[in-house]
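Trainee: Residue numbers for the sequence shown follow the numbering used here, so the first one is 622 and each next one is one higher. Think of the CB as a built atom: it goes at the ideal place given N, C-alpha and C, for glycine as much as any other residue. The following block contains the structure, expressed as structure tokens.
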Amino acid sequence: MQVRVKTKEIKARLENLAVVLVETLYPENIGSAARACANFGVSQLILVRPKDLTPEKMRAMATRSGLPILEKMKIYDDLIEALADFNYVVGTTARLGKQRKVYETVREIVPRIVDLSQNNRIAFLFGNEKWGLTNETLYHCHTVVTIPTTEAASLNVAQAVVIVLYEMFCASAAVEIPKPRLATIKELEVMYEILRETLKRIDYVPHDNETLWMTTIRRFLSRLDLTAQEVRVIQGFCKQLLWALGSSSS
622 MQVRVKTKEI KARLENLAVV LVETLYPENI GSAARACANF GVSQLILVRP
672 KDLTPEKMRA MATRSGLPIL EKMKIYDDLI EALADFNYVV GTTARLGKQR
722 KVYETVREIV PRIVDLSQNN RIAFLFGNEK WGLTNETLYH CHTVVTIPTT
772 EAASLNVAQA VVIVLYEMFC ASAAVEIPKP RLATIKELEV MYEILRETLK
822 RIDYVPHDNE TLWMTTIRRF LSRLDLTAQE VRVIQGFCKQ LLWALGSSSS
């Protein structure tokens, strides 16, 4: 006899989503992003090293609906600090190169984000108007997505924010059990550091090419959507191995 398991349809928890604008050049785009957040129910707007914060220009594009978002947006000088309490980071890019492995489109990633948003804080990163997100910034993303367009088309950062938030607002997915809390960026960085120390101690990582090896390892682990508990297990394993080797991780 086949037993049917009842599932329920859930919406993304928009209160757990945030838009992070990195090194935005024009205040008008910040205002437009705030307006998009208000239109689609996302209350968190974060800026990292913005180049121009002219209030009049931001408010003009935010319109009345986006003003509350502007008033409580957070501004950081450091990307890691801005992302520290997030569990999952999605980078956006229009450039597809050797160092920019795009695994999904925005629409393809939506069901996973709906699921993850039940118990996790999720940040969508958008680069500036000239060169987007740098490879160094993408280094800290769990995945990278793109918005399909014709070859001649070009989206500015505010348009990209609108499209991503629209997809999230409309999306729903049938799930049985929400996924557990993922590790925050702060927790992941601590894990990566002790992992790097351990791999160096056992001579697994070449001393003359450490950055490349760690980048490869981080890309692999970021695709696993590690939970906070799994990160603690990896840290514990590394600490025990270092202790056994006569070293100390503290």
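1. Just to confirm the assignment, what range does the alpha helix (DSSP H) spanning residue 651 have?
2. Would you list the one or two residues that DSSP bridges to residue 743?
3. Taking residue 696 as part of the beta strand (DSSP E), name the residues at either end of that continuous run.
4. How close, in whole Å, do the beta carbons of residue 807 and residue 705 come, if the pair is a contact with beta carbons under 8 Å?
5. Around the C-beta of residue 775, are 16 or more other C-beta atoms found within 10 angstroms, so that it is buried, or is it exposed?
6. Please report the residue range of the alpha helix (DSSP H) in which residue 754 lies.
7. Can you round the beta-carbon distance between residue 652 and residue 682 to whole angstroms, since I take them to be within the 8 Å contact cut?
8. Which residue from 791, 780, 858, 792 puts its Cα closest to that of residue 818?
9. With the cut-off set at 9 Å, would you say residue 750 and residue 830 are in Cβ contact?
10. Let me make sure I understand the geometry here. Which of 760, 757, 753, 814 has the alpha-carbon closest to that of residue 767?
11. How many Å lie between residue 732 and residue 712 at the Cα?
12. From the DSSP output, in three-state form, read off residue 714 for me.
13. Straight-line CA distance for residue 743 to residue 635?
14. Bridge partners of residue 765, per DSSP?
15. Can you grab the Cα-Cα spacing for the pair residue 796 / residue 638, in whole Å?
16. Take residue 862 and list the residues in its own chain whose beta-carbon comes closer than 6 Å to its own, dropping the five residues that flank it on each side.
17. In whole angstroms, give me the CA-to-CA distance for residue 595 and residue 760.
18. Tell me which residues share the same chain as residue 721 and place their Cβ nearer than 8 Å to its Cβ, disregarding the 5 neighbours each side in the sequence.
19. Give the range of the beta strand (DSSP E) segment to which residue 669 is assigned.
20. Given a threshold of 16 other Cβ atoms within 10 Å of its Cβ, counted over all protein chains shown, does residue 665 qualify as buried or as exposed?
21. Thinking residue 668 and residue 645 are a contact (beta carbons under 8 Å), I'd like their distance in whole angstroms, please.
22. Can you list, in chain order, the residues of its chain with a C-beta nearer than 8 Å to that of residue 850? Leave out the 5 residues immediately preceding and following it.
23. What would DSSP say about residue 803, mapped onto helix, strand or coil?
24. Might you give, ordered along the chain, the residues of its own chain that have their beta carbon closer than 7 Å to the beta carbon of residue 734, omitting 5 neighbours on each side?
25. Short of 6 Å in beta carbon distance, which residues of its chain neighbour residue 657, apart from the five on each side in sequence? Order them along the chain.
Mentor: According to the structure data:
1. 648 to 660
2. 638, 709
3. 695 to 697
4. 4 Å
5. exposed
6. Run containing residue 754: none; DSSP gives neither H nor E here.
7. 3 Å
8. 858
9. no
10. 753
11. 16 Å
12. coil
13. 9 Å
14. 712
15. Reliability of the predicted coordinates at residue 796 is poor, the pLDDT of 46 falling under 50, and the value obtained from them is presented with this limitation in mind. When rounded, the distance between both Cα atoms is 19 Å.
16. 819
17. Residue numbering for the chain in the displayed model covers 622 to 871; residue 595 lies beyond these limits and cannot be assessed.
18. With a pLDDT of only 49 at residue 721, under 50, the local geometry of the prediction cannot be trusted, and no value is derived from it.
19. 665 to 669
20. buried
21. 7 Å
22. 801
23. strand
24. 633, 743, 789
25. 782, 783, 786
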